[in-house]
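Numbered per the numbering used here, the sequence shown spans residues 711 to 899. We treat Cβ as the ideally placed atom computed from N, Cα and C, and that holds for glycine.
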Amino acid sequence: MTKEDQINIINSTIKKARENLKPLSFNLIFWGVMINLMSAFHYFFEPIIEHSKYSVILYWTIIPILGMLYMIRWNIKKGIKRGYETVLDRTIKIIWAVFGLGWIIILISSLLIGKSPVPQILFLLGLVLVMNGQIIKFKPLTIGGIILIIFVFLNDTNPRINYLIVNMIGVTLGMLIPGVFLYRMKNSG
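What follows is the structure, encoded as structure tokens:
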């Protein structure tokens with residue numbers, strides 16, 4: 711095997727690894743856009759969303775569940791189309807499944823306690839983003855997760871800050887921008 715053959719194999723492996731990141735980048739972009747739209751709608755139409763305690767909970771539960779169902783279906787279709795699953799794919803899938811379980815537990819406990827679930831969900835999301843960023847060795851995602859955790863701290867230490875604004879900025883910096891970077895990286899070179 712010549713050096714050129716070895717370089718071609720390495721380049722092919724790198725290209726394949728980048729292609730395998732496509733579902734993660736789409737997931738990050740999808741959720742970044744969806745959460746930002748939900749937060750903006752809630753912010754600008756607060757009287758509608760906060761008509762009752764339960765209307766807020768329904769808004770922040772039903773729409774994300776529909777998003778989860780869509781993304782589960784999309785990810786399954788992409789997995790079937792690809793025809794195989796790598797250890798990296800499985801690891802990321804398990805981490806996000808645990809996030810989904812944590813999200814449900816946080817929602818239920820918040821409902822019982824009567825507190826907003828947003829800070830705990832953002833903290834959990836920040837941890838998951840840091841883990842994903844470290845696993846795939848992608849600094850923008852790791853930094854995005856850290857920024858999200860910092861925003862949770864800022865929100866907890868200054869309760870006058872509007873959590874919807876914190877949500878929009880944090881999710882943009884934590885998910886949307888890293889998702890776009892990841893998508894662009896996998897399409898380049």
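- request: For N877, count neighbouring Cβ atoms within 10 angstroms of its own Cβ and tell me buried if that reaches 16, exposed if not.
  value: buried
message: If you reduce the DSSP assignment to three classes, tell me which class M711 lands in.
response: coil
message: On the criterion of 16 or more Cβ atoms from any shown chain inside 10 Å, does Y780 qualify as buried, or is it exposed?
response: exposed
- prompt: Nearest-angstrom Cα distance between M778 and I859?
  reply: 22 Å
field: G793 in three-state terms, based on DSSP
entry: In the structure shown, G793 sits in coil (DSSP, three-state: anything other than H, G, I, E or B).
- prompt: So L892 and L738 are in contact, right, with Cβ under 8 Å, and what is the actual spacing, rounded?
  reply: 7 Å
Distance between beta carbons of F809 and V838, contact taken as under 8 Å: 5 Å
message: Taking the beta carbon of H752 as the centre, do at least 16 other beta carbons fall within 10 Å, making it buried, or is it exposed?
response: buried
query: Which runs of the beta strand (DSSP E), 3 residues or longer, sit entirely within the stretch 821 to 899?
result: List check, beta strand (DSSP E) in window: nothing returned.
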